[in-house]
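According to the numbering used here, the sequence shown is numbered sequentially starting from 205. As structure tokens, the structure follows; a few thoughts come after it.
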Amino acid sequence: MSHTQEAAHVTTSELEAFMRRVLTHCGVNKPSVEAVTRALLTASRMGIDSHGLRLLPHYVQAVKGGRVSPNPQMTFSRRMPATGYLDADDGFGHLAGYTAIAHAIAMADDTGMGAVAVGNSSHFGAAGCYPLEAARRGLIGMAVCNSDPFVRLHQGQGAFHGTNPFAFAAPVEGENPYLLDMATSSIPWNRVQQYAAIGRELPPDVAANIAGNTTTEPTEVSSLLPLGGAQFGFKGAGLAGVVEVLSSTLAGMLNGFRLLPMAGPDMSTPRGVGHFFLVMRPEAFVDLETYRARMREYLADLRAQPALEGAEVLAPGDREWRCQAHRDAEGIPLDSANLEAYQRLAEELGVAPLSMSWQPNGDRMQ
Numbered sequence: 205m206s207h208t209q210e211a212a213h214v215t216t217s218e219l220e221a222f223m224r225r226v227l228t229h230c231g232v233n234k235p236s237v238e239a240v241t242r243a244l245l246t247a248s249r250m251g252i253d254s255h256g257l258r259l260l261p262h263y264v265q266a267v268k269g270g271r272v273s274p275n276p277q278m279t280f281s282r283r284m285p286a287t288g289y290l291d292a293d294d295g296f297g298h299l300a301g302y303t304a305i306a307h308a309i310a311m312a313d314d315t316g317m318g319a320v321a322v323g324n325s326s327h328f329g330a331a332g333c334y335p336l337e338a339a340r341r342g343l344i345g346m347a348v349c350n351s352d353p354f355v356r357l358h359q360g361q362g363a364f365h366g367t368n369p370f371a372f373a374a375p376v377e378g379e380n381p382y383l384l385d386m387a388t389s390s391i392p393w394n395r396v397q398q399y400a401a402i403g404r405e406l407p408p409d410v411a412a413n414i415a416g417n418t419t420t421e422p423t424e425v426s427s428l429l430p431l432g433g434a435q436f437g438f439k440g441a442g443l444a445g446v447v448e449v450l451s452s453t454l455a456g457m458l459n460g461f462r463l464l465p466m467a468g469p470d471m472s473t474p475r476g477v478g479h480f481f482l483v484m485r486p487e488a489f490v491d492l493e494t495y496r497a498r499m500r501e502y503l504a505d506l507r508a509q510p511a512l513e514g515a516e517v518l519a520p521g522d523r524e525w526r527c528q529a530h531r532d533a534e535g536i537p538l539d540s541a542n543l544e545a546y547q548r549l550a551e552e553l554g555v556a557p558l559s560m561s562w563q564p565n566g567d568r569m570q
């Protein structure tokens, strides 16, 4: 979905510097600062605005309240040749994610595959950040994560699963990776908050009010519908369950229905989020040249398919890479709500404010 919105714009380098100033001021250690900044910038550059720069004020609250440790002592144990467990010590999920995928990559380099379950973690931003690390090194990656209840079961009355994202990335020779990053809900919960902040109406059949009826008004939303909507939501609900088993169950964490809510009011108790990461070497299954050729053919065939009038057929990741190129050149947009939040953050913490580059006529809001 897209929306043209008058927005202030900021360069990637200035946004990165501001994030570093804020997190460092809050006592966050250097590895965590690097991980959080990297993940938020990755999301914002690719147009995943619901999981990008808008989350910084929330993460500041989580650190200041004690929910997230600013200096975690994460520990990794390799259980079998291709499996391991990372205890994130209630640190930032972004640091846990980058740490876990690095261990999975190392095991895949050694054995052909690597899988890591993560426990005692927290919100890790956009799930696609982590399999992307594998794809950039020529490997296939996958990441899933559970979250607190926002999404109805199919034909259920209230929220049960989280948005439980699934992300997958595969290398493509000479191109940006194939990248799928999706919630198993109809839309992410952060999208509801984002649209409420800018007074934008939701699409139909993606969210419900407290009475269980579908609504397009973001301020009325009590729960999301699973992927597939009112008629076919059993598909999204089933996928959310798979994510739950892989993330919370394999990590020994509480299932999402029992997690503390991300949005509070308790910002002092760690949430114990679970993640799961899988990495595979293509040449562990087929010779590398064959893999590369089949990927090129698949994507060429996909993109060559005829589209509906006024539309375009895209492979997963195509939109994100286009957006990244545009925003790297033109700047990253902050809508009025995010601009105000960043100004307030600078004032409250006493750090140098964000320096805006220019104020063009709008940007494609994702």
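Ideal placement from N, C-alpha and C gives every residue a C-beta, glycine not left out. Quick caveat: nothing in here was measured; it's all calculated off a predicted structure.
CA-to-CA distance, residue j to residue i, given in whole angstroms
{"i": "A312", "j": "A286", "result": "7 Å"}
{"i": "S281", "j": "L290", "result": "7 Å"}
{"i": "E218", "j": "D293", "result": "31 Å"}
{"i": "E448", "j": "A550", "result": "37 Å"}
{"i": "P520", "j": "P469", "result": "36 Å"}
{"i": "R404", "j": "A504", "result": "36 Å"}
{"i": "Y495", "j": "A415", "result": "50 Å"}
{"i": "R225", "j": "P276", "result": "19 Å"}
{"i": "T418", "j": "Q361", "result": "11 Å"}
{"i": "E501", "j": "L464", "result": "46 Å"}
{"i": "C349", "j": "A212", "result": "32 Å"}
{"i": "E552", "j": "A330", "result": "27 Å"}
{"i": "S559", "j": "G535", "result": "12 Å"}
{"i": "I252", "j": "F328", "result": "14 Å"}
{"i": "G554", "j": "S248", "result": "24 Å"}
{"i": "G432", "j": "A411", "result": "12 Å"}
{"i": "G440", "j": "A556", "result": "44 Å"}
{"i": "P375", "j": "P510", "result": "25 Å"}
{"i": "L357", "j": "D491", "result": "42 Å"}
{"i": "M499", "j": "A371", "result": "18 Å"}
{"i": "D532", "j": "A488", "result": "36 Å"}
{"i": "A434", "j": "Q359", "result": "8 Å"}
{"i": "T216", "j": "F461", "result": "37 Å"}
{"i": "F296", "j": "S326", "result": "6 Å"}
From the options, residue whose alpha carbon lies closest to that of residue i
{"i": "G476", "options": "R271, E487, A212, Y302", "result": "R271"}
{"i": "I402", "options": "S254, F481, A239, V264", "result": "S254"}
{"i": "T303", "options": "L450, T419, I536, A243", "result": "A243"}
{"i": "H298", "options": "L245, R500, N417, A310", "result": "L245"}
{"i": "M278", "options": "G288, K268, A300, V267", "result": "A300"}
{"i": "A631", "options": "H365, Q397, L336, G362", "result": "Residue 631 falls outside the range modelled here, since the chain spans only 205 to 570, and no answer is possible."}
{"i": "I309", "options": "A339, F436, N413, G295", "result": "A339"}
{"i": "G288", "options": "F328, T315, V214, S236", "result": "T315"}
{"i": "G332", "options": "G554, H358, P369, L538", "result": "P369"}
{"i": "V425", "options": "P407, A545, K439, F438", "result": "P407"}
{"i": "A455", "options": "G478, Y334, G437, A221", "result": "G478"}
{"i": "H530", "options": "G231, M250, M223, C230", "result": "M250"}
{"i": "G437", "options": "F296, D409, T453, K234", "result": "D409"}
{"i": "A239", "options": "Y334, T215, Q265, A266", "result": "Y334"}
{"i": "A306", "options": "L429, V490, V267, A347", "result": "A347"}
{"i": "G231", "options": "F222, T241, W393, P274", "result": "P274"}
{"i": "A427", "options": "T453, S451, V396, P474", "result": "Residue identity differs from the one stated: residue 427 is Ser in this sequence, not Ala. Checked all of T453, S451, V396, P474; the closest Cα to S427 is V396."}
{"i": "A541", "options": "L260, C527, T241", "result": "L260"}
{"i": "H262", "options": "A497, R507, C527, A467", "result": "A467"}
{"i": "K268", "options": "G378, M471, T241", "result": "M471"}
First through last residue of the beta strand (DSSP E) which encompasses residue i
{"i": "S325", "result": "317-325"}
{"i": "H365", "result": "363-365"}
{"i": "F222", "result": "It is not in any beta strand (DSSP E) - F222 instead sits in the alpha helix (DSSP H) that spans 216-229."}
{"i": "L357", "result": "Run containing L357: none; DSSP gives neither H nor E here."}
{"i": "G456", "result": "Element bounds for G456: n/a, residue is neither H nor E."}
{"i": "F280", "result": "279-284"}
{"i": "A371", "result": "370-374"}
{"i": "G288", "result": "287-291"}
{"i": "I344", "result": "344-349"}
Beta carbon proximity, residue i to chain D, threshold 8 Å
{"i": "A363", "result": "Structure shown: chain D not included; a single protein chain is present."}
Extent of the continuous alpha helix (DSSP H) run through residue i
{"i": "R548", "result": "540-553"}
{"i": "T241", "result": "234-249"}
{"i": "G269", "result": "260-269"}
{"i": "L482", "result": "Careful: L482 lies outside any alpha helix (DSSP H), inside the beta strand (DSSP E) at 477-484."}
{"i": "L336", "result": "333-339"}
Check: residue i C-beta below 7 Å from any heavy atom of the ligand ADP
{"i": "A331", "result": "No copy of the ligand ADP occurs in the structure displayed, which carries no ligand at all."}
Check whether the segment 352-364 touches the segment 320-327, taking contact to mean three or more Cβ pairs, one atom from each stretch, closer than 8 Å. no
When the Cβ atoms of the segment 435-454 are set against those of the segment 380-400, are three or more pairs found closer than 8 Å? yes
Those runs of the alpha helix (DSSP H) which lie wholly inside the segment 503-536 and span at least 4 residues: 522-534
Can you list, in chain order, the stretches of the alpha helix (DSSP H) that have 4 or more residues and sit fully within the segment 385-443? 393-402
Any chance the segment 327-346 sits against the segment 474-494, with 3 or more Cβ pairs inside 8 Å? Cβ pair count under 8 Å is three or more, so yes.
The segment 373-382 touching the segment 507-522, judged by at least three CB pairs closer than 8 Å: yes
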